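*Asks:* Got a structure for you, questions after.
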Amino acid sequence: MTVISQVILKADDELRYPSSGELKSIREFLQTGVQRTRIVGTLAENEKKIVQEATKQLWQKRPDFIAPGGNAYGERQRALCIRDFGWYLRLITYGVLAGDIEPIEKIGIIGVREMYNSLGVPVPGMVEAINSLKKASLDLLSAEDAAAAAPYFDYIIQAMS
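Numbering (UniProt numbering), first residue to last: 1 to 161.
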């Protein structure tokens, strides 16, 4: 839910007009709209490149993941891992676009630890994977855009840690 939706729903629940502070938060949200859409556009247009780079970084850092007995050993397991990279990148773009972590939390974080544990996927390995995804993504953005996008990656990393 966007800042605008949150302000409207809260004001309506309390049967009042939005406060000056709430209007200021809407103004700030709208002022960052161009930047947020630029970030999302860059990430979406470069998904394949980002996923390939993140995968390469992860395999270099953790070759045991793709070695016999590793969680990403074999074509099928490796493909599932790469699929998850794309899914997390898309999830991050939802958060950036909304200017809020709520879409990340509602769509992707609730239950993620339990899911990976039940599948036998090491959660610390997923944290490393998201760190690789973060680096590959932020390398394509300007310093200002990278600073705006980084907290969304960090939120997922923190939630998995």
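Note that the Cβ used here is the ideal one computed from N, Cα and C, for glycine as well. Keep in mind it's a predicted model, so treat the numbers as computed, not measured.
1) Are at least three pairs of beta-carbons, each pair with one atom in the segment 6-13 and one in the segment 50-60, less than 8 Å apart?
2) Which residue comes first and which comes last in the alpha helix (DSSP H) that contains T93?
3) Does DSSP put V3 in a helix, a strand or coil?
4) What did DSSP end up calling L23 once you bin it into helix, strand or coil?
5) In whole angstroms, what separates the C-alpha of R76 from that of L97?
6) Can you tell me whether DSSP reads I104 as helix, strand or coil?
7) Less than 7 Å separating the beta-carbons of F29 and G120?
8) Helix, strand or coil for S161 per DSSP?
*Replies:* On the basis of the supplied data:
1) Fewer than three beta-carbon pairs drawn from the segment 6-13 and the segment 50-60 are found closer than 8 Å, and the two stretches are therefore not classed as touching.
2) It spans E75 to A98 - the alpha helix (DSSP H) in which T93 sits, taken as one unbroken run.
3) DSSP places V3 in helix when its eight states are reduced to three.
4) DSSP, reduced to helix, strand and coil, places L23 within a helical segment of the structure shown.
5) Cα-Cα distance, rounded: 32 Å.
6) Secondary structure at I104: helix, using DSSP grouped into helix, strand and coil.
7) No. Outside cutoff.
8) Of the three classes helix, strand and coil, the one that applies to S161 here is coil, per DSSP.
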